[in-house]
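Worksheet: one structure, shown below.
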Amino acid sequence: MNAKEPRQPKDDREQELLDEALAESFPASDPASLVGPGGGISGAEEAMQPGDALIIVDVQRDFCPGGALPIENGDAVVPVLNRWIEKAQRLGIPIVASRDWHPGDHLSFKPRGGEWPVHCVAETKGAEFHPDLKLPTETLIVTKGDRADRDQYSAFDATGLAEELHRLGVKRVFIGGLAEDVCVRATALDAAAASFSTHLVAGATKPVTAEGGKKALAEMRNAGVVVD
Ligand code: VGL
Ligand code: ZN
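For my numbering, count along the sequence shown from 1 and bump the result up by 7.
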């Protein structure tokens with residue numbers, strides 16, 4: 008072996024540790040560290056630890072540009088959440104992904120007098136998770152909104168999620184996804200009400216309207232949600 012050559016890592020685990028050490032000593036070398044609060048590797052996900060869970064709300068095609076209920080820059084949450092997923096996975100922290108999963112005649116749809124265009128109809132392409140979201144196979148999928156006559160904006164609303172997280176020993180949750188002023192808001196308020204220490208990943212969520220987003224942020228903060 009040529010002594011001048013850097014020593015090769017023994018195995019994948021060693022390589023991973025080296026990568027991590029490098030990332031931590033040179034956070035600015037990673038473009039994602041420049042995306043602002045909650046978005047960088049030097050951000051709050053460094054603080055994730057056992058007892059935490061990551062909750063990704065409704066990152067589905069219909070809520071992204073080109074979808075049926077498109078949120079401006081909705082897809083911008085994807086790369087940020089992918090970093091959180093990677094970190095959570097490395098730490099063995101539970102990852103939850105909720106999905107809006109409506110029957111075609113859901114009460115929230117305009118043809119039924121509701122507020123929203125027809126969106127996230129179960130089993131359709133629009134209801135699929137964003138194709139670039141890197142959900143691991145062990146992700147806990149929470150299906151909501153699947154009853155025609157009730158809305159379930161919160162991933163905790165009659166889904167059993169709080170019980171499951173308590174069972175897993177989760178004390179603190181980090182929440183991101185879509186939309187900040189609708190399902191993310193409802194999920195964060197319910198998480199706080201269920202006594203989880205609740206963090207909103209501000210860099211990983213987008214509102215339907217800017218005004219709604221501001222109002223939702225204030226409500227979440229008032230309820231004790233920490234905005235990272
Ligand atoms: C949502 C509007 C209607 C959301 C769901 O996931 O935030 N928004 N249904
Ligand atoms: Zn919906």
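Yeah, the Cβ is synthetic: ideal placement off N, Cα and C, and Gly gets one too.
Member of the options whose CA lies at the smallest distance from the CA of residue i
i	options	result
K151	E145, V177, T144 and S161	S161
P77	F203, L98, V232 and A186	A186
P3	V215, G220, A200 and A199	No answer is possible for residue 3: the residues shown for the chain start at 8 and end at 235.
R174	P101, V85 and V128	P101
L147	A193, M55 and V64	V64
A184	E218, A169 and L140	A quick correction: the sequence has Gly, not Ala, at residue 184. Checked all of E218, A169 and L140; the closest Cα to G184 is L140.
G99	G133, V84, A134 and E145	E145
E170	A198, Q159, D158 and D153	A198
C207	R119, T194 and A129	Reading the sequence as shown, one finds Leu at residue 207 and not Cys. The candidate whose alpha carbon is nearest that of L207 is T194.
Q67	C190, P118, D112 and H113	C190
Q159	A200, R119, G133 and H113	H113
A129	D69, G167 and A165	D69
D164	A200, E135 and G133	A200
R119	R157, T131, R90 and V84	R157
Identified DSSP bridge partners for residue i
i	result
P57	D59
Q67	F136
G6	The structure shown does not extend to residue 6, since the chain is modelled only from 8 through 235, so no value can be given for it.
H206	F181 and V233
S115	For S115, which the question treats as bridged, DSSP gives no partner whatsoever.
A104	I63 and I148
H109	V128
W123	F116
Beta-carbon spacing of residue i, residue j below 9 angstroms
i	j	result
A225	T205	no
P110	A155	yes
H137	D107	no
L61	V180	yes
K213	G121	no
S105	V149	yes
G219	D188	yes
P143	Q96	yes
L196	V232	yes
P72	E79	yes
K3	M55	No answer is possible for residue 3: it lies beyond the span of the chain, which begins at 8 and ends at 235.
R192	A223	yes
L168	V103	yes
Around ligand 1, what residues have a beta-carbon under 7 angstroms from a heavy atom of it, in chain order?
-> V64, D65, F70, L76, D107, S115, W123, H126, C127, G152, Y160, L185, A186, V189, C190, V191 and V215
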